[in-house]
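For the sequence shown, position 138 (counting from the first letter as 1) is numbered 172 according to the working numbering, and the numbering increases by one without interruption.
For reference, the structure is listed below as structure tokens.
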Amino acid sequence: SQINGYVKELFDNLPVFSSVRLRGEISNFKNHTKTGHLYFTIKDESSLIRAVMFRSAAAKLRFAPENGLKIIASGRVSAFVRDGSYQVYVDSLQPDGVGELTIAYEQLKKNEEINTYITRADESLSALGFTEHSFAHVMHVAEMAGYILQTLGYDERTVELAKIAGYLHDIGNLVNRVEHAQSGAVMAFVLLTKMGMDMEDVSIITTAIGNHHEGTGVPVNAIAAALILGDKADVRRSRVRIDEETAPDIH
Numbered sequence: 035s036q037i038n039g040y041v042k043e044l045f046d047n048l049p050v051f052s053s054v055r056l057r058g059e060i061s062n063f064k065n066h067t068k069t070g071h072l073y074f075t076i077k078d079e080s081s082l083i084r085a086v087m088f089r090s091a092a093a094k095l096r097f098a099p100e101n102g103l104k105i106i107a108s109g110r111v112s113a114f115v116r117d118g119s120y121q122v123y124v125d126s127l128q129p130d131g132v133g134e135l136t137i138a139y140e141q142l143k144k145n146e147e148i149n150t151y152i153t154r155a156d157e158s159l160s161a162l163g164f165t166e167h168s169f170a171h172v173m174h175v176a177e178m179a180g181y182i183l184q185t186l187g188y189d190e191r192t193v194e195l196a197k198i199a200g201y202l203h204d205i206g207n208l209v210n211r212v213e214h215a216q217s218g219a220v221m222a223f224v225l226l227t228k229m230g231m232d233m234e235d236v237s238i239i240t241t242a243i244g245n246h247h248e249g250t251g252v253p254v255n256a257i258a259a260a261l262i263l264g265d266k267a268d269v270r271r272s273r274v275r276i277d278e279e280t281a282p283d284i285h
């Protein structure tokens, strides 16, 4: 214990270890759900180091860390007396080479819970005679909304928020077609909050989704406007699911 305590004291008193910046890949990732702390290893081509990110710092992340993700970590190095080991205490974490919201958008598209809701919502709309509202549609809306804002010169954060809103915009159809924008906004709020997204970003996305339907919504912000345009621009014959040419499509 004395030796380990002495080693910790050396780490804590040497300026070189008080502020470090590491570039590498996450492995052995574990989210300790009871405490909110994150435990993982940062590795490069020839070495690795253990890392911990406490709940207060992890709560500020706009993406979910996962194994294989290349990151840049900032923090301090210290020793853990009980185990006689040293590790990085991470204060901030960011994806290496791409933005946090870009990672969040890609993770969103792989989220099994969200994709199940999209699938089941589309099945309900199909039974009601509506056009296709599954992955082809939500991907079109997401990419179109992002493209519109990117073309108009909006920053990367706004573009990625629009994509996320586009992917989630019709999820409320799982509940009912009537007022699906409002129910979808509530669902998106819960899902994104559970994923740990920044509350400012969650609020913007929630507002856009709640205002995307022509019957009840208005373009209250740039993302809502891009979402409306992206949604209404998805005009494809392949979306129509009624075989008879004379039969009107309910949507």
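Idealized CB from N, CA, C, for every residue including glycine.
Being a predicted model, the structure only gives us computed values, none of them experimental.
Residue i, buried or exposed, once every other Cβ within 10 Å from all chains shown has been counted against 16
i    : result
G218 : buried
L135 : buried
H66  : exposed
Y40  : exposed
I276 : exposed
K197 : buried
G251 : buried
P129 : buried
Cross-strand partners of residue i (DSSP beta bridge)
i    : result
N65  : L72
A85  : F74, V122
P253 : Paired residues: none, contrary to the question.
Q184 : BP columns for Q184 are empty, so no partner.
R57  : I106
Q128 : I106
Span separating the alpha-carbon of residue i from that of residue j
i    : j    : result
R89  : D232 : 14 angstroms
V193 : Q36  : 54 angstroms
Y73  : N38  : 21 angstroms
V212 : L95  : 34 angstroms
H71  : V115 : 19 angstroms
V236 : I83  : 33 angstroms
M221 : G118 : 45 angstroms
N62  : R271 : 47 angstroms
Limits of the unbroken alpha helix (DSSP H) element including residue i
i    : result
K228 : 214-228
Y201 : 190-202
L142 : 134-143
Span of the beta strand (DSSP E) around residue i
i    : result
S112 : 104-114
So, does the segment 197-214 touch the segment 234-253, judging by three or more C-beta pairs under 8 angstroms? yes
Is the segment 47-67 close to the segment 111-127, with three or more CB pairs under 8 angstroms? yes
Mind the definition here: the segment 182-190 touches the segment 250-261 only if three or more C-beta pairs lie below 8 angstroms; say whether that holds. yes
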